[in-house]
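Each remark here refers to the structure printed beneath this line.
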Amino acid sequence: MLKARYFLQGSFFEAAGGVRPSYVWRLLLCAHLLLELGLLVQPLSVQQDQYVSSLLHLDGSWREDEVRVNFVAVDAEWIVQISVQEGEADNLGWHFNLHGCFSVKNAYQVAQGSQATSCSSHGSSTSSAESSWSFIWRPKAVPNVLLFAWKCCKRAVLSVSNLRRRGVIGDSSCVLCGLEEGDVMHMLADWRIAPMQGSVGR
């Protein structure tokens with residue numbers, strides 16, 4: 049279904065955001081960037097890629113004179129030894145694994161590492177973020193309460209505002225008062241809403 053909507057002609061690597069992309073597709077495009085970071089070989093089309101087709105005869109053999117003009121001698125020798133087989137897909141390898149095999153666990157570690165690198169470049173902002181997280185996890189409280197506080201900070205709580213941000217609903221106003229945006233702070237701290245939530249909880 050996603051292929052039919054976003055990349056009917058071509059492959060996933062050539063796909064774009066499209067018009068009003070869904071939340072799932074936006075997440076997949078983030079994974080697309082991660083794959084580009086770790087793939088050893090990008091899929092090539094012999095018929096469409098001019099850099100490849102200009103070095104090949106019609107029967108699929110190499111134009112050795114062209115190869116030797118465009119590459120240094122050592123590389124040219126390696127290239128002309130590569131057999132070109134039409135009709136077969138190019139093999140892809142994962143850069144961050146010794147055997148070239150992709151795994152979700154390894155991709156997650158790569159994503160965390162790149163995120164940590166980008167955060168470390170911000171200097172003081174990293175230390176302030178670390179102190180704010182320790183402020184949440186340090187108190188001696190029930191684990192569920194600490195987890196809820198962390199989810200509030202990460203905007204992972206099921207609120208009207210978060211549902212609007214993810215494109216699930218169209219209106220982000222509070223369903224109880226209808227006057228303000230239904231974000232987490234409004235749900236928990238607003239004096240008009242908090243007593244209602246307490247009564248519902250009981």
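Using my numbering, read the sequence shown as starting at 49 and increasing by one per residue.
For glycine and all other residues, C-beta sits at the position ideal for the given N, C-alpha and C.
query: May I have the straight-line CA-CA distance separating residue 117 from residue 147, to the nearest angstrom?; result: 33 Å
query: Pull up the distance between the alpha-carbon of residue 144 and that of residue 81, whole angstroms please.; result: 15 Å
query: Just how far apart, CA to CA, sit residue 218 and residue 60?; result: 29 Å
query: What first and last residue would you give for the alpha helix (DSSP H) that runs through residue 126?; result: 121-128
query: From residue 142 to residue 126, what does the alpha carbon distance come to, in whole angstroms?; result: 22 Å
query: Spatial neighbours of residue 158 within its chain, please: CB distance less than 8 Å, with the 5 preceding and 5 following residues excluded, ordered by chain position.; result: 82, 85, 86 and 144
query: Which of the three DSSP states is assigned to residue 114 in this structure?; result: helix
query: How long is the line joining the alpha carbons of residue 74 and residue 55, rounded to whole angstroms?; result: 14 Å
query: If you draw a straight line from the alpha carbon of residue 197 to that of residue 229, how long is it in whole angstroms?; result: 20 Å
query: Using the DSSP secondary-structure output, state which residues sit across from residue 142 in a beta bridge.; result: 87
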